[in-house]
Each structure stands twice: as structure tokens, then as C-alpha cells.
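J.: Residue numbers (the numbering used here): 967 to 1157.
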Amino acid sequence: STSHPNAGLVPPTETPEKKELLVLVEMGRTFYLQGLSRADSAAWYTDIQASAGGRGNALKDQQLSRGDIPIIVDSCIAFITQYGLRHEGIYRKNGAKSRIKVLMEEFRRDARNVKLRINDNFIEDVTDVLKRFFRELEDPVFTLELHPQWKEAAEISSKPQRLERYKELIHRLPRLNLKTLAALIGHLYRS
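(1) What first and last residue would you give for the alpha helix (DSSP H) that runs through Tyr-1155?
(2) Could you spell out where the beta strand (DSSP E) holding Leu-999 opens and where it closes?
(3) Sort Gly-1050, Leu-1129, His-1053 and Val-1092 by Cα distance to Lys-1067 and report the nearest one.
(4) Quick one: any contact between the segment 1119-1129 and the segment 1074-1081, if contact means 3 or more CB pairs under 8 Å?
(5) Using the C-alpha atoms, what's the distance from Ile-1035 back to Ser-969?
(6) Quick one, which of Leu-1129, Tyr-1132 and Leu-1142 has its alpha-carbon nearest Pro-1106's?
(7) Give the DSSP-derived three-state secondary structure of Leu-1025 in the structure shown.
(8) Is the separation between the beta-carbon of Thr-1146 and that of Val-1039 shorter than 8 Å?
(9) Just to confirm the assignment, what range does the alpha helix (DSSP H) spanning His-1137 have?
(10) Whose CA, out of Tyr-1155, Asn-1085 and Leu-987, lies closest to the CA of Thr-996?
(11) If the criterion is Cβ atoms closer than 8 Å, does the pair Glu-1104 and Asn-1023 meet it?
(12) Give the secondary structure of Pro-1036 by DSSP, where H, G and I count as helix, E and B as strand, and everything else as coil.
(13) What are the boundary residues of the alpha helix (DSSP H) that includes Phe-1100?
(14) Considering only C-alpha positions, which residue in the set Tyr-1132, Lys-1125, Leu-999 and Gln-1029 is nearest to Arg-1074?
(15) With a 10 Å radius around its C-beta and 16 neighbouring C-beta atoms as the bar for buried, classify Tyr-1155 as buried or exposed.
(16) Which of helix, strand or coil does DSSP assign to Leu-1110?
(17) If I measure Cβ to Cβ from Ile-1151 and keep anything under 6 Å in the same chain, skipping five residues before and after, which residues do I get?
(18) Which value, in whole angstroms, describes the spacing of the CA atoms of Arg-1101 and Ser-1041?
Structural data, given as C-alpha cells:
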């Protein structure tokens, strides 16, 4: 699966050698890199941050959580589960377009550094961000490739046969899609 590092710069004043240090955290491991100059470290940091951001609208382009689902999905589901499940119709209410736009941009720039907080974020904005993320995927979770088969399966009149076909199609999904779908369905089931 695709995974993107979280990068940070430690200022020269905080290192024994008085040089800037680049710290990468990836899948529970920490890497320390030191350039020959401050400019080297800064350039590496910029390049890593640029590549680590979820730059595309495909699942594979997103920064992933430890559970191998997009961080935007993981963060939104966690926030909604913690603060929104007591509210009725949370997915029917609309958030503020301007706040949603800002939140989407923050997740696209660097999902790992977005911290959703009840005092700073509205439930409706977060539910809209989650819906918008799925709506804007260039290849949906159920995949464009399998779309005709999903349509055919939906038309099977026998419920047991239809469910069996759905099961087959679900197992044909890429691993990332399958994990993302499982997280979403688990969340909706609890909602």
C-alpha cells in the first residue's frame, strides 16, 4: 500500500551539532536526516512535504493512516463518531461552504497535520468534508472498472444470489478500496 511520511525540521539550536535536522516518521519508525547545509535540509523538507501531501483525487494518492485508509476518512470518521453520533440526521445537515473548502484544502495539503477539534470544527462541516471526499474521487471506492458488474448485480432479483455477487465483487476491490469501504460501512453501521 502507499504510505506517506510525516516530516518535520528540528531547529539547529536543538541539536548537539547545531545543525538543522530533518525528522521523518513513517509507519511507526523514525528517521533522522542531516544535510550538508541548512539549505539542503530545507530543500529536502520542502520536497518531502510536497510528495507527502495527498495531491491527487485518487485513493492511492492520499496520506494513509496506520489502518491503511486515507487519513481524511479516518480523521472525519473518528471526529463524527466521538461528537456527532448523538445528533440526528448528521449526514443530512449542510455545513458552511467556506469552512468546508478550507478544511478540504488543509487535508489535501497535509492530512497528517489536520487536527479536528470540537471547539474549532462543526460536525456538519466534517460530515460534508467526508461526503465531498468520496464524491470527488476520480475512481470511486467501488471502482470504475467494476461499475458495470455492480449494476448487473443490483438487477439480480434473487436476494441470496445478489448478495453472493456483491460479496464476489467486494473481494475483487483493491486492498485500499476494501479497507476504506470497510471503515465507512463500519462507521455508518454505528451511526
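All C-beta atoms, glycine included, are put in the ideal place defined by N, C-alpha and C.
T.: On the basis of the data shown:
(1) Here residue 1155 is taken as the residue at index 189 of the sequence shown, counted from 1. Taken as a continuous stretch (DSSP letters only), the alpha helix (DSSP H) holding Tyr-1155 covers 1141-1156.
(2) The residue given as residue 999 occupies position 33 in the sequence shown. Segment 995-999, the beta strand (DSSP E) holding Leu-999.
(3) Along the sequence shown, one-based indexing puts residue 1067 at 101. That would be Val-1092, whose Cα lies nearest to the Cα of Lys-1067.
(4) Here the segment 1119-1129 makes no contact with the segment 1074-1081; the two share fewer than three CB pairs at distances below 8 Å.
(5) Taking the sequence shown and counting its residues from 1, the one referred to as residue 969 is at position 3. Taking the sequence shown and counting its residues from 1, the one referred to as residue 1035 is at position 69. Interpretation of Ser-969 is limited by its pLDDT of 47, a score under 50 that renders its predicted location unreliable; the figure taken from the coordinates is listed afterwards. Rounded to the nearest angstrom, the two C-alpha atoms are 10 Å apart.
(6) Here residue 1106 refers to the residue found at position 140 when the sequence shown is read from its first residue. Of the residues Leu-1129, Tyr-1132 and Leu-1142, the one whose Cα lies closest to the Cα of Pro-1106 is Leu-1142.
(7) Taking the first residue of the sequence shown as position 1, residue 1025 is located at position 59. In this structure, Leu-1025 counts as helix in the three-state DSSP scheme.
(8) Taking the first residue of the sequence shown as 1, we reach residue 1146 at position 180. Taking the first residue of the sequence shown as 1, we reach residue 1039 at position 73. In contact: Thr-1146 and Val-1039 (Cβ atoms closer than 8 Å).
(9) Counting from one through the sequence shown, the residue named residue 1137 turns up at place 171. Element bounds for His-1137: 1125-1137.
(10) Residue 996 sits at position 30 when you count from the first residue of the sequence shown. By alpha-carbon distance to Thr-996, the top candidate from Tyr-1155, Asn-1085 and Leu-987 is Leu-987.
(11) Here the question's residue 1104 lines up with position 138 in the sequence shown. Here the question's residue 1023 lines up with position 57 in the sequence shown. Yes, Cβ-Cβ distance for Glu-1104 and Asn-1023 is below 8 Å.
(12) Working through the sequence shown from its first residue, we reach residue 1036 at position 70. DSSP places Pro-1036 within a strand segment (E or B) once states are collapsed to three.
(13) The residue given as residue 1100 occupies position 134 in the sequence shown. For Phe-1100, the enclosing alpha helix (DSSP H) stretches over residues 1089-1102.
(14) Residue numbering aside, residue 1074 sits at position 108 when the sequence shown is read from its first letter. Distances from the CA of Arg-1074 to each of Tyr-1132, Lys-1125, Leu-999 and Gln-1029 were compared; the closest alpha carbon is that of Gln-1029.
(15) Here residue 1155 refers to the residue found at position 189 when the sequence shown is read from its first residue. Exposed, by the Cβ-count rule.
(16) Start at 1 with the first residue of the sequence shown, and residue 1110 comes out as number 144. Here Leu-1110 carries a coil assignment [DSSP, helix/strand/coil].
(17) Stepping through the sequence shown from its first residue, residue 1151 is reached at position 185. Excluding positions up to five away in sequence, the list is empty.
(18) Residue mapping note: residue 1101 aligns to position 135 of the sequence shown, counting from 1. Residue mapping note: residue 1041 aligns to position 75 of the sequence shown, counting from 1. Looking at the two C-alpha atoms, the distance is approximately 17 Å.
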